[in-house]
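Everything below concerns the one structure shown next.
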Amino acid sequence: MGNVVASRGWVLTACQVAQAEAVRRCLERLCQPVALFAGCNAAAPMTPAAGSSPNFTTMPSTRALLVKPQSESDLYALDDVTAVQLLQEAVCERVVYSRYGVLGVRIMRLLLQHHFLEERTLAEQSVATYVKAREVLHRMFKDGFLLQQEVPRTSALVERSAKASVYLWGLSWSATLLPAVRERLAKTLTIAWVKLREAQQQASAVAKPAACVRSSPAASGGIHRSAAHAEEVEAQWKSGMSRSIQQALQTQRTITGLQSCVMSLMRLLLIVDFF
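Quick note on our numbering: the sequence shown kicks off at 6 and runs consecutively.
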């Protein structure tokens, strides 16, 4: 019996060691820097350019979710600022992707990394045609996601034509991107909430006729004596019940889908707005 207990104790200790090793490897991975924007040269750290606009938040190219307050200790701490930024970036990417597709997400990542770029440079680096990139840029600018900055080709302080300037596309994390995403989520949430209320009212209106249909066979059974007529009434009742059930199920599916949509939008808006 002692050997069995000892063997069981040894197996339990081995499992604990394996679990501790797995936890240690996971902690080490979380302490590794996380790429800020996938596919945007995260190896080179970003440095704030001289004379850059104060509205732009310069973010490091790599970040870690976990940090060690003391490098020699075994204590770990969650970098909540990094975690919130990563969550907000994921929400922004989802909103931009839903409206502008993959090209919109690529443009967003490039402008968050480089702040200002020309149209042709954006088209080349986002692997898109110039016409398509220009179309998406103007759509994002119209919706408030982007901004433009005029850069003169010469330093002469004279009146110049539009051809004498270069127009750069830019994106500010705090001034344009987050407010635009917040507004888009709020509008979509309002529409989904209104549709949910309408679906719930429609479901309550459908439930009343269904109750009346259930009581019809009993009433008609006492009035009509012939068997043929009774079968016809029963068939009509079953058909009416089937239609009522299908309509009720369809309405319930709509309500369930809208409830899920509202909850998802509320979670996304909480991430973007609350933090």
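All residues carry an ideal CB built from backbone N, CA and C; glycine is no exception.
Does DSSP put residue i in a helix, in a strand, or in coil?
i: Gly149; result: coil
i: Glu155; result: strand
i: Ser170; result: strand
i: Ala133; result: coil
i: Leu122; result: strand
i: Leu80; result: coil
So, under 8 angstroms CB-CB, residue i and residue j are touching, yes? Tell me the CB distance rounded to an integer number of Å.
i: Ala208; j: Ile250; result: Not quite, the Cβ-Cβ distance comes to about 13 angstroms (not below 8 angstroms), so this is no contact.
i: Leu115; j: Gln93; result: Leu115 to Gln93, Cβ: 18 angstroms. No contact.
i: Ala133; j: Glu124; result: So it is not a contact: roughly 11 angstroms between Cβ atoms.
i: Leu190; j: Leu274; result: 5 angstroms
i: Val186; j: Val277; result: 6 angstroms
i: Leu201; j: Leu263; result: 4 angstroms
Please classify residue i: is it buried, with 16 or more other beta-carbons within 10 angstroms of its beta-carbon, or exposed?
i: Gly109; result: buried
i: His143; result: exposed
i: Met113; result: buried
i: Phe279; result: exposed
i: Arg158; result: exposed
i: Thr181; result: buried
i: Gln90; result: buried
i: Ala204; result: buried
i: Tyr105; result: buried
i: Val136; result: exposed
i: Pro53; result: Legend: pLDDT at Pro53 = 37, less than 50; position of this residue unreliable, value from coordinates given subsequently. With fewer than 16 other Cβ atoms within 10 Å, it is exposed.
i: Arg111; result: buried
The alpha helix (DSSP H) spanning residue i covers which residue range?
i: Leu91; result: 85 to 119
Spatial neighbours of residue i within its chain, please: C-beta separation below 8 angstroms, excluding the five flanking residues on both sides.
i: Phe146; result: Leu152, Gln153, Trp174
i: Cys97; result: Met113, Leu182, Leu183, Val186, Val277
For residue i, which residues of its own chain have a beta-carbon under 7 angstroms away from its beta-carbon, when the five flanking residues on both sides are left out?
i: Trp198; result: Val267
i: Val156; result: Ser170, Val171, Leu173
i: Thr256; result: Ala204, Gln207, Ala208, Val211
i: Ala43; result: Because the pLDDT at Ala43 is just 40, under 50, the model does not fix this residue reliably, and the point stays unresolved.
CB-CB under 6 angstroms to residue i, same chain, minus the five flanking residues each way: which ones, in chain order?
i: Val141; result: Tyr105, Leu108, Gly109
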